[in-house]
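Following: one structure in structure tokens, then a few remarks.
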Amino acid sequence: MDRSSGLCGIAVKGIRRLPDQSRTTITVCVACAAGDDPVAGETLFDRIAGYLKDDPAIEVRTAECLAVCERPVTVAFQAPGKWTYLLGNVDETVPLDDIVAAARAVAQSPTGIPAMADRPAFFENGVICRVPPVTE
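If you count the sequence shown from 1, you need to add 1293 to reach my numbering.
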């Protein structure tokens, strides 16, 4: 298997392609507190939402708790019919271009599993898990 594909040796079968594959969602845990910042998740959400307010291809939303409290701030990248990535230890000051690059990499990958070369450093180092897409 081609390791540059980012599939890490995992066979991906049975993923149906949904109509709007380019749309992606960033979900930020707003319950996350990091170090001395009790609202680190809210801070990150506000930064991302403000940065992407005019980008219809990326939806930014909050989650009250993603239940990964030992690795704040937690962020999920999701796209229809594709694998979802859950990342932890995302610094609330991460460059916003890196957040956008990660979201686009998930959306533009045929399966939602971006090639390693397309993953910003925070993405490479923060993966907690990936979840396969739900198919009907």
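Idealized CB from N, CA, C, for every residue including glycine.
- With a threshold of 16 other CB atoms inside 10 Å of the CB of residue 1346, please say whether the residue is buried or exposed. For the purposes of this step, residue 1346 is taken as residue 53 along the sequence shown, with counting starting at 1. Burial call: exposed.
- Item | DSSP state of residue 1354 mapped onto helix, strand, coil | The count along the sequence shown starts at 1 and reaches residue 1354 at position 61. Residue state, collapsed to three classes: strand.
- Item | Residue range of the alpha helix (DSSP H) that includes residue 1379 | Working through the sequence shown from its first residue, we reach residue 1379 at position 86. Where residue 1379 is concerned, there is no enclosing alpha helix (DSSP H), although the beta strand (DSSP E) it sits in stretches over 1377-1380.
- In whole angstroms, what is the alpha-carbon distance linking residue 1328 and residue 1340? Counting from one through the sequence shown, the residue named residue 1328 turns up at place 35. Counting from one through the sequence shown, the residue named residue 1340 turns up at place 47. Each residue's Cα considered, the two are about 18 Å apart.
- Item | Pair within 9 Å by beta-carbon distance, residue 1365 and residue 1422 | Numbered from its first residue, the sequence shown carries residue 1365 at position 72. Numbered from its first residue, the sequence shown carries residue 1422 at position 129. No, the Cβ-Cβ distance between residue 1365 and residue 1422 is not below 9 Å.
- Which one or two residues does DSSP pair with residue 1371 in a beta bridge? Your numbering for residue 1371 matches position 78 in the sequence shown. According to DSSP, which records beta bridges pairwise, residue 1371 is partnered with 1318.
- Task: Could you pull out every residue in the same chain whose Cβ sits closer than 7 Å to the Cβ of residue 1333, ignoring the five residues on either side in sequence?
- Result: Position 40 of the sequence shown, counting from 1, holds the residue named residue 1333. 1325, 1326, 1327, 1365, 1366, 1385.
- Could you tell me the distance, in whole angstroms, from the CA atom of residue 1352 to the CA atom of residue 1395? Translated into positions along the sequence shown, residue 1352 becomes position 59. Translated into positions along the sequence shown, residue 1395 becomes position 102. Cα to Cα, the separation comes out at about 13 Å.
- Message: Given this structure, state the Cα-to-Cα distance separating residue 1390 from residue 1428, to the nearest angstrom.
- Response: On the sequence shown, position 97 is the one that residue 1390 refers to. On the sequence shown, position 135 is the one that residue 1428 refers to. C-alpha separation (whole angstroms): 31 Å.
- Item | DSSP state of residue 1341 mapped onto helix, strand, coil | Looking up residue 1341 in the sequence shown gives position 48. Helix at residue 1341.
- Residues bridged to residue 1422 [DSSP beta-bridge criterion]: Locating residue 1422 in the sequence shown gives position 129, counting from the first residue. Bridge pairing for residue 1422: 1379 [DSSP].
- Please name the residue or residues paired with residue 1327 in a DSSP beta bridge. Position 34 of the sequence shown holds residue 1327. Bridge partners of residue 1327: 1330.
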